[in-house]
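Engineer:
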Amino acid sequence: MASRPLAWLSYILSCLVIIATVSLAGAADRVIIGNITRNVEQLPTYAAVEKGFFAQEGIQGDVVLIGSTDTLIQALIAGSIQVAVVDPTAAIIATERGASLQIIGGTVPIAPYWLLAASKYKGISELKGTIIGVVSLVSGSTIFLREMLKAHGLDANRDYTMLQLGPTTQRLVSLQSGRISATMVLGGDLYRALEMGFRNLGSLQDYIPNLQFHSLNVDRRWTEANSQLVVRYLRAMLRAFQWIYAHKDEAADLATKRTGVDRKYTRATVEEYTARGIFTKDGSVNREGFQRLIDLLGERLFKQRPYPPPEKYLEMKYLRVAQKELGVPESR
3 MASRPLAWLS YILSCLVIIA TVSLAGAADR VIIGNITRNV EQLPTYAAVE
53 KGFFAQEGIQ GDVVLIGSTD TLIQALIAGS IQVAVVDPTA AIIATERGAS
103 LQIIGGTVPI APYWLLAASK YKGISELKGT IIGVVSLVSG STIFLREMLK
153 AHGLDANRDY TMLQLGPTTQ RLVSLQSGRI SATMVLGGDL YRALEMGFRN
203 LGSLQDYIPN LQFHSLNVDR RWTEANSQLV VRYLRAMLRA FQWIYAHKDE
253 AADLATKRTG VDRKYTRATV EEYTARGIFT KDGSVNREGF QRLIDLLGER
303 LFKQRPYPPP EKYLEMKYLR VAQKELGVPE SR
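The opening residue of the sequence shown carries number 3 in our numbering; numbering runs sequentially from there.
In structure tokens form, the structure reads like this:
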């Protein structure tokens with residue numbers, strides 16, 4: 003009989019634990035994270051979701067795919083998503099047009115782009131008079147591509163046509179069918195594209211080194227109303243960055259699971275990206291690379307010199323708090 007009260011006490015305690023767990027789960031703050039496509043470059047977000055780093059911070063991190071940079075930024079401004087993980091070009095443009103956007107960190111501080119073409123094209127100059135596929139007419143990759151073509155004497159107004167086709171998969175299909183002559187791809191897609199028979203016409207790094215790539219773009223209204231949530235989100239991302247560097251094989255498995263890309267390609271990409279620092283370790287924005295991006299936008303966007311400094315678009319105070327709380331040194 004003496005054991006019955008203990009049994010009831012154990013039962014009650016178990017129920018309390020279950021209730022507390024359910025309450026915590028129910029109280030999780032939802033953060034909707036928008037991407038353009040599934041690629042290896044989004045691995046930090048995938049890791050934060052699947053390895054439980056968001057959950058540790060009481061966050062329900064939901065990843066949604068939105069097929070173009072323009073639409074992604076529109077969703078951010080409308081409040082349909084809270085974070086857009088994409089290069090900062092469109093956010094800079096939207097800010098100059100009156101949007102209240104800001105960048106609170108980065109995930110990929112170097113733009114790992116290659117220009118791929120149908121096998122019959124042996125050099126960039128041979129792309130004259132052709133149609134080139136792009137993800138968006140206002141994306142960073144399109145601006146970068148114009149600079150590569152310009153270096154070979156190709157004028158954007160007369161020597162080629164750009165066709166907006168969206169994510170990489172659609173562009174590679176169009177390249178294979180002959181609808182377009184060339185397109186830019188990221189490192190995560192390079193290896194499989196080469197095996198499809200396309201020709202690599204060069205790396206962006208050979209033309210414009212050290213360009214800030216994927217950043218964490220948000221709306222200022224959201225960050226100001228949810229400062230603690232923003233810090234928690236960034237703590238989860240910092241743990242994800244560290245996990246990738248410490249678990250490269252598992253990171254490649256996760257990249258394959260999320261993208262559908264063969265593991266031999268994701269493993270090679272993870273190895274290259276960690277060796278070259280293409281994945282960030284500390285979540286910082288490459289300030290020099292960001293300034294270079296502003297300079298590239300130049301006369302297309304700004305009415306006069308001097309162009310705005312990066313600080314007009316960057317808000318690093320939340321990241322500094324997250325870094326300090328986790329003991330993560332700032333490397334940039």
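In this text, a Cβ means the ideal position worked out from N, Cα and C, and glycines have one as well. These numbers were taken from a predicted model, which means no experiment stands behind them.
1. If I'm right that TYR123 touches SER143 with Cβ under 8 Å, what's the distance once you round it to whole angstroms?
2. Roughly how many angstroms separate the alpha carbons of LEU328 and VAL233, rounded to a whole number?
3. Do SER176 and GLY135 have their CB atoms nearer than 8 Å?
4. Does the segment 148-161 come close enough to the segment 81-92 to have 3 or more Cβ pairs within less than 8 Å?
5. Name the two residues that bound the continuous alpha helix (DSSP H) containing THR328.
6. By Cβ distance, which residues of its chain are closer than 8 Å to ALA184, with the 5 residues on each side in sequence left out?
7. One question on the structure: do PRO169 and VAL137 come within less than 8 Å of each other, judged by their Cβ atoms?
8. Assign ARG160 to buried or exposed, taking buried as 16 or more other Cβ atoms, counted over all protein chains shown, within 10 Å of its Cβ.
9. Determine, using beta carbons only, whether TYR193 and TYR275 come nearer to each other than 8 Å.
10. Using a Cβ-Cβ cutoff of less than 8 Å, which residues in the same chain neighbour THR163 once the five nearest sequence positions on both sides are dropped?
11. How many Å lie between LEU67 and ILE126 at the Cα?
12. Cα separation between ILE20 and PHE55?
13. Where PRO311 and GLN293 are concerned, what is the direct C-alpha to C-alpha distance, given to the nearest angstrom?
14. As an exercise, report each continuous beta strand (DSSP E) stretch of at least 3 residues that is fully enclosed by the segment 191-237, in chain order.
15. Between ALA254 and ASP191, what straight-line distance do the alpha-carbon atoms span, to the nearest angstrom?
16. Assuming ASP60 and LEU218 make a contact with CB atoms under 8 Å, what is their CB distance in whole Å?
17. Can you tell me which of the three DSSP states ALA27 falls into?
18. Taking the runs of the alpha helix (DSSP H) that are 4 residues or longer, which of them lie wholly in the segment 52-100?
19. Specify the secondary structure class of ARG40 as computed by DSSP and reduced to three states.
20. Can you tell me which residues form a DSSP beta bridge with ARG32?
21. Report the rounded CA-to-CA distance for ARG260 versus PRO46, giving the unit in angstroms.
22. Can you have a look at MET186 and say buried or exposed, based on whether 16 or more other CB atoms are within 10 angstroms of its CB?
23. Would ALA238 and ALA50 be called neighbours here (beta carbons separated by less than 8 Å)?
24. To the nearest angstrom, report how far apart GLN325 and ALA30 are at their CA atoms.
25. With C-beta atoms as the reference, is GLY63 less than 8 Å away from VAL33?
Structural biologist: Answer, in terms of the structure:
1. At roughly 19 Å, the Cβ-Cβ gap does not stay under 8 Å, so TYR123 and SER143 are not in contact.
2. 11 Å
3. yes
4. no
5. Here the sequence assigns Leu to residue 328, which means Thr is not the residue at that position. Looking at the DSSP string, the run of the alpha helix (DSSP H) that includes LEU328 is 319-328.
6. LEU117, LEU118, ALA119, ALA120, TYR123, LEU129, THR132, ILE134, GLY135, LEU177 and LEU203
7. yes
8. exposed
9. no
10. THR132, ILE133 and ILE134
11. 32 Å
12. Any reading at ILE20 is ruled out, since the residue's pLDDT is 32, under 50, leaving its predicted position unreliable.
13. 7 Å
14. 201-205 and 217-221
15. 14 Å
16. The identity of residue 60 in the sequence shown is Gly, whereas the question assumes Asp. Contact flag wrong, Cβ pair sits at about 19 Å.
17. Note that ALA27 scores 44 on pLDDT, short of 50, meaning its location in the model is unreliable; the coordinates nonetheless yield the value given after this. Note: ALA27 maps to helix in three-state DSSP.
18. 55-58, 71-80 and 91-98
19. coil
20. GLN62
21. 12 Å
22. buried
23. yes
24. 22 Å
25. yes
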